[in-house]
Amino acid sequence: MGSNQERLSVSSLSMTTAQPRGDSLAIDVESWMIAEERAHEILSVIQPFLVSDRNRHEIIDYVRALIRSHDGIEVFSFGSVPLKTYLPDGDIDLTVITKQNMEDKFFEKLYNTLKSEEGKSEFDVTDVKFIPAQVKVIKCNIRNIAVDISFNQMAGLYALCFLEQIDQLLGRDHLLKRSIILIKAWCYYESRILGANTGLFSTYALSILVLYIINLFHSSLSGPLSVMYKFLDYYGSFDWSKYCVSLIGPVPISSLPKIIVSPENGHQLFLDEKALKTCVELYFASPTKAVETNGLEFPIRHLNIIDPLKHSNNLGRSVTIGNVQRVKHAFTLGARKLRDVLSQPYETIGWRLEKFFGSSLERNGKGQRQDVYDPVTAFGTGRSELSELTGDFQGYYGRLVSYQNNEFYLRGLNGSTWMQPNGYQNMGKRRGTGTYIPDMSQQLYHDRFRGSGTGKSAAHHRDASTEANGASSSFNLSGEVATSSASIKGKERVKSDSISSSIPEKENDKEEEESKTSQTLKSS
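Residues in the sequence shown are numbered consecutively from -1, following my numbering.
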């Protein structure tokens, strides 16, 4: 690999608005190819399998069967299981959607029903607990898999749809999902920095951090391992004391409650502000209306991450002050160790990378998985279990619209409740947080975005003047979106057309024709 053109910089991550890096280590293409191939083999034992999908879906269907005997109740799966980014040790997240004034009564009834199943059901229900937190949760284990059941929590459903949508737009053999799985495995098994209930990152926060890295560096990424390296290097040097992370760039904490982003030098975003707004508006009622600032919209914490679906939601709020240095140290040390692996002679890169993921392979690479009863293919055999990472966007989206058409009481992103008596009666039935979902009956999601996708930055669709001056973008942090119950029939078709024309078009890259490997993740 002699020429400079054949070398990829793994430290061209200097941040103009955070903390610049001075090192400039270059890794040649062959080293990256060897490392990415071995990372693919590691992914093949920790990503979702078809058999693990089936087992988890049986558990979900079992819980639904316990609940559906009650009229006016819907059960939705959200999080890493439907997104197909779960780890073998990942839990199952369900939310029960009830009608007005039913929540408390039904909560107790469901708890008692699950308790009565302990020791009796073939699904082996154990450890049923009621957690009387701000968001009430019933926790239990079913077939040795943790299950969390919440009530009327719509935000997770819209986050699921949003991430599935972006994964489809990005393409590249599910680069987003595979990267989430690989990085999540390292965070959970190797560095132990994943878990909102223990004062660390939530899996949704981690997913948004991964998405920003891909959004920023998409043109130079060779695969999930290169995403992981840039993730560790970037966030290990990020100045968390002065900046928030958003999907379009670092935001000075001092600028809040407005989000003022200075573009990273030399990088075109895959989804710029305009394209990202178009994606998000798929889930929300007509024009975004700013909510009056009350000084509390975005609670500043020790690590600050702006939720793209609700700008006043700090996804880093779960990280306690005692864990901040632990997280920073894990990122910095991880980047240094991975850089060292990639700098070694070709013949040693493979086994060194296996050592880097040693706990992940020890836990999941010996032919057994936490979420599968029968033996599975072990690591290093040259074979892998069947896997499919494509999510059912149409199904998620359609169930949400069906739910809204049934005139349930919606819970918005800010926790308030809106009644939708007539607003959705003319909508088609086709996935995402307290919002309008446009008519998908005339044009399916897959058709609207067909041919759109990989490798082409959404920045290509920006105004020439905007590209020329590179001016900072500014918009109100408190720009929440409220669900409208007004008639929207006349707007549906317009919104559908505008979305399809605003999202970056996919090039028919050869990357998309790469063999579908069995892959990718989410747990929590």
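Every residue, glycine too, gets a C-beta built ideally from N, C-alpha and C.
Worksheet item: Quick one: what does DSSP say Glu72 is sitting in, helix, strand or coil?
Response: Taking the sequence shown and counting its residues from 1, the one referred to as residue 72 is at position 74. The answer is strand: DSSP assigns Glu72 an E or B state.
Practice prompt. Just the C-alpha distance for Trp238 and Ser310, rounded to the nearest angstrom, thanks.
Written response: To locate residue 238, count along the sequence shown from 1; it is residue 240. To locate residue 310, count along the sequence shown from 1; it is residue 312. So the alpha carbons of these two residues sit roughly 18 Å apart.
Discussion item. According to DSSP, simplified to helix, strand and coil, what is Ala328?
Written reply: One-based indexing of the sequence shown puts residue 328 at position 330. The answer is helix: DSSP assigns Ala328 an H, G or I state.
Discussion item. Nearest by alpha-carbon distance to Gly348: which of Lys256, Val133 and Ala37 is it?
Written reply: If you number the sequence shown from 1, residue 348 lands on position 350. Checked all of Lys256, Val133 and Ala37; the closest Cα to Gly348 is Ala37.
Worksheet entry | Beta-ladder partner(s) of Asn536, from DSSP | Residue 536 is absent from the structure shown; the chain starts at -1 and stops at 522.
Worksheet item: Can you list, in chain order, the residues of its chain whose CB lies under 7 Å from that of Phe354, leaving out five sequence neighbours each side?
Response: Your numbering for residue 354 matches position 356 in the sequence shown. Residues Lys335, Leu336 and Val339 of the same chain have their beta carbon placed closer than 7 Å to that of Phe354, with the five preceding and five following residues left out of the count.
Worksheet entry | Proximity test, Cβ basis, 8 Å: Tyr84 and chain B | Annotation note: the requested chain B is absent from the structure, which comprises a single protein chain.
Fill in: Within 8 Å, strictly: CB atoms of Ile57 and Val94
As a working mapping, residue 57 is identified with position 59 in the sequence shown. As a working mapping, residue 94 is identified with position 96 in the sequence shown. No, the Cβ-Cβ distance between Ile57 and Val94 is not below 8 Å.
Discussion item. For a minimum of 3 consecutive residues, which ranges assigned as the beta strand (DSSP E) are wholly contained in the segment 72 to 149?
Written reply: Counting whole runs of 3 or more residues, the segment 72 to 149 contains the beta strand (DSSP E) stretches 72 to 76, 90 to 95, 123 to 129, 135 to 140 and 143 to 149.
Worksheet item: Between Phe377 and Leu85, what straight-line distance do the alpha-carbon atoms span, to the nearest angstrom?
Response: The residue you call residue 377 lines up with position 379 of the sequence shown. The residue you call residue 85 lines up with position 87 of the sequence shown. Going from the Cα of Phe377 to the Cα of Leu85 covers about 16 Å.
Practice prompt. Taking Val243 as the reference, give the member of Lys275, Ile206 and Leu267 with the closest Cα.
Written response: On the sequence shown, position 245 is the one that residue 243 refers to. For Val243, the nearest C-alpha among the options comes from Ile206.
Worksheet entry | Beta-carbon proximity of Ser235 to Ile212, cut-off 8 Å | The count along the sequence shown starts at 1 and reaches residue 235 at position 237. The count along the sequence shown starts at 1 and reaches residue 212 at position 214. No, these two residues do not count as a Cβ contact at 8 Å.
Worksheet item: When you compare each of Arg190, Trp184, Leu245 and Leu223 to Ala33 by their alpha carbons, which one comes out closest?
Response: Residue mapping note: residue 33 aligns to position 35 of the sequence shown, counting from 1. Residue nearest to Ala33 within the set Arg190, Trp184, Leu245 and Leu223 is Leu223 (criterion: CA-CA distance).
Worksheet entry | Per-residue DSSP class, three states only, for Val225 | One-based indexing of the sequence shown puts residue 225 at position 227. Of the three classes helix, strand and coil, the one that applies to Val225 here is helix, per DSSP.
Fill in: Three-way DSSP call (helix, strand, coil) for Lys240 in this model
The residue you call residue 240 lines up with position 242 of the sequence shown. The answer is coil: DSSP assigns Lys240 none of H, G, I, E or B.
Fill in: Nearest to Leu267 (by Cα), restricted to the options Ala333, Val278, Lys275 and Leu245
To locate residue 267, count along the sequence shown from 1; it is residue 269. It is Leu245.
Worksheet item: Can you tell which of His265, Ile44, Gly389 and Asn312 has the C-alpha that lies nearest to the C-alpha of Tyr241?
Response: Taking the first residue of the sequence shown as position 1, residue 241 is located at position 243. Answer by Cα proximity: Asn312.
Item to complete: Output the residue ranges of the beta strand (DSSP E) runs that lie fully inside the segment 29 to 75 and measure 3 residues or longer, sorted by chain position.
Response: none
Worksheet item: Within 10 angstroms of its Cβ, does Ala131 collect 16 or more other Cβ (buried), or is it exposed?
Response: The sequence position of residue 131 within the sequence shown is 133, counting from 1. Its Cβ having fewer than 16 others within 10 Å, Ala131 is exposed.
Practice prompt. Please confirm whether Val123 and Ile136 have their CB atoms less than 8 Å apart.
Written response: The residue given as residue 123 occupies position 125 in the sequence shown. The residue given as residue 136 occupies position 138 in the sequence shown. Cβ atoms of Val123 and Ile136: not closer than 8 Å.
Discussion item. Tell me which residues share the same chain as Phe215 and place their Cβ nearer than 6 Å to its Cβ, disregarding the 5 neighbours each side in the sequence.
Written reply: Walking along the sequence shown from the start, residue 215 turns up at place 217. Correct list, in chain order: Lys228.
Discussion item. What does the alpha-carbon distance come out to for the pair Arg315 and Gly332?
Written reply: Residue mapping note: residue 315 aligns to position 317 of the sequence shown, counting from 1. Residue mapping note: residue 332 aligns to position 334 of the sequence shown, counting from 1. Using only the alpha carbons, I get a separation of about 23 Å.
Discussion item. Quick check on DSSP: helix, strand or coil for Leu174?
Written reply: Working through the sequence shown from its first residue, we reach residue 174 at position 176. Helix at Leu174.
Worksheet item: Expressed to the nearest angstrom, what Euclidean distance is found between the alpha-carbon atoms of Arg190 and Tyr394?
Response: As a position in the sequence shown, residue 190 is number 192, starting the count at 1. As a position in the sequence shown, residue 394 is number 396, starting the count at 1. C-alpha separation (whole angstroms): 31 Å.
Worksheet item: Which one or two residues does DSSP pair with Ala183 in a beta bridge?
Response: Mapped onto the sequence shown, residue 183 falls at position 185. Beta-bridge partners assigned by DSSP to Ala183: none are found.
Worksheet entry | Where Leu192 falls: helix, strand or coil (DSSP) | As a position in the sequence shown, residue 192 is number 194, starting the count at 1. Correct three-state label for Leu192: strand.
Worksheet entry | Where Tyr210 falls, given that 16 or more other Cβ within 10 Å makes a residue buried | Taking the sequence shown and counting its residues from 1, one reaches residue 210 at position 212. Buried, since its Cβ has 16 or more Cβ neighbours within 10 Å.
Item to complete: Count the other CB atoms, across all protein chains shown, that sit within 10 Å of the CB of Arg170; report buried if there are 16 or more and exposed otherwise.
Response: Counting from 1 along the sequence shown, the entry for residue 170 is found at position 172. By the neighbour-count criterion, in which a residue is buried when 16 or more other Cβ atoms sit within 10 angstroms of its Cβ, Arg170 is buried.
Worksheet entry | Nearest-angstrom Cα separation, counted from Lys134 out to Met100 | What you label residue 100 is simply residue 102 of the sequence shown in a count that begins at 1. What you label residue 134 is simply residue 136 of the sequence shown in a count that begins at 1. Near 14 Å, if we compare the C-alpha coordinates of Lys134 and Met100.
Worksheet entry | Residues bridged to Val249 [DSSP beta-bridge criterion] | By 1-based counting over the sequence shown, the position of residue 249 is 251. Bridge partners of Val249: Cys242.
Worksheet item: Alpha carbon to alpha carbon, how far is Ser341 from Lys182?
Response: As a first step, residue 341 must be located in the sequence shown, where it is residue number 343. As a first step, residue 182 must be located in the sequence shown, where it is residue number 184. Straight-line Cα distance between these residues: approximately 23 Å.
Discussion item. If you reduce the DSSP assignment to three classes, tell me which class Arg299 lands in.
Written reply: Sequence index remark: in the sequence shown, residue 299 carries index 301 (1-based). Coil at Arg299, not helix or strand.
Discussion item. DSSP three-state label for Ala376, please.
Written reply: Translated into the one-based positions of the sequence shown, residue 376 becomes position 378. Looking at Ala376 - three-state DSSP - the assignment turns out to be coil, as it is neither helix nor strand.
Worksheet item: Hey, how far is the Cα of Arg54 from the Cα of Tyr186?
Response: In the sequence shown, residue 54 corresponds to position 56, counting from 1. In the sequence shown, residue 186 corresponds to position 188, counting from 1. Each residue's Cα considered, the two are about 20 Å apart.
Worksheet item: Could you give the residue range of the alpha helix (DSSP H) that holds Val208?
Response: On the sequence shown, residue 208 is found 210 positions in, with the first residue counted as 1. Counting along the chain, the alpha helix (DSSP H) containing Val208 begins and ends at Thr201 to Phe215.
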